[in-house]
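Here the sequence shown stands for residues 94 to 202, where the numbers follow this note's numbering.
A short worksheet on the structure shown next.
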Amino acid sequence: MPHGAIDRPHFLYYSEIQRRCIMAVSRMVQARVPGDIQDIANQVIEASGLTVSDVVRVLMTRIARDKIIPPGLFQPNAETLAAFAEVERGGLQRFDSVDALFADLHAED
Numbered sequence: 094m095p096h097g098a099i100d101r102p103h104f105l106y107y108s109e110i111q112r113r114c115i116m117a118v119s120r121m122v123q124a125r126v127p128g129d130i131q132d133i134a135n136q137v138i139e140a141s142g143l144t145v146s147d148v149v150r151v152l153m154t155r156i157a158r159d160k161i162i163p164p165g166l167f168q169p170n171a172e173t174l175a176a177f178a179e180v181e182r183g184g185l186q187r188f189d190s191v192d193a194l195f196a197d198l199h200a201e202d
């Protein structure tokens with residue numbers, strides 16, 4: 094066999110071993126995502142030259158490395174910030190019992 098030529102049976106055997114090793118250390122992750130969100134996210138991901146698998150792998154790697162979910166992923170929206178501000182001002186109604194709380198929650202039902 095000429096120098097540098099690939100011995101096909103050995104190459105295929107090596108490739109199969111390599112594939113099995115990769116499969117043994119990798120696991121598949123599945124998630125349910127609303128279709129409209131997935132479509133928009135896929136457009137952004139593809140435009141950046143990545144795949145969904147790339148993005149998930151990067152996120153999972155960062156969480157594993159830092160032992161925390163990146164705080165920037167959970168920035169509160171305007172409604173949540175307003176609720177926090179109301180709590181700080183003491184603007185929440187207080188109840189003497191759980192029954193009173195549920196009665197108030199269901200008052201308009």
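From the three backbone atoms N, C-alpha and C, an ideal C-beta is built for every residue, glycine too.
Inset, instruction - List in chain order: all unbroken alpha helix (DSSP H) runs of 4+ residues lying wholly within the stretch 106-167. - result: 128-140 and 145-159
Inset, instruction - Work out the CA separation of L166 and V145 for me, nearest whole Å. - result: 17 Å
Inset, instruction - Report yes if the CB atom of I138 is closer than 9 Å to the CB atom of V122, and no otherwise. - result: no
Legend entry - Short Cβ contact (9 Å threshold) for F188 with D197: yes
Legend entry - alpha helix (DSSP H) segment containing L185, residue limits: First-last for L185: undefined, no H or E at that position.
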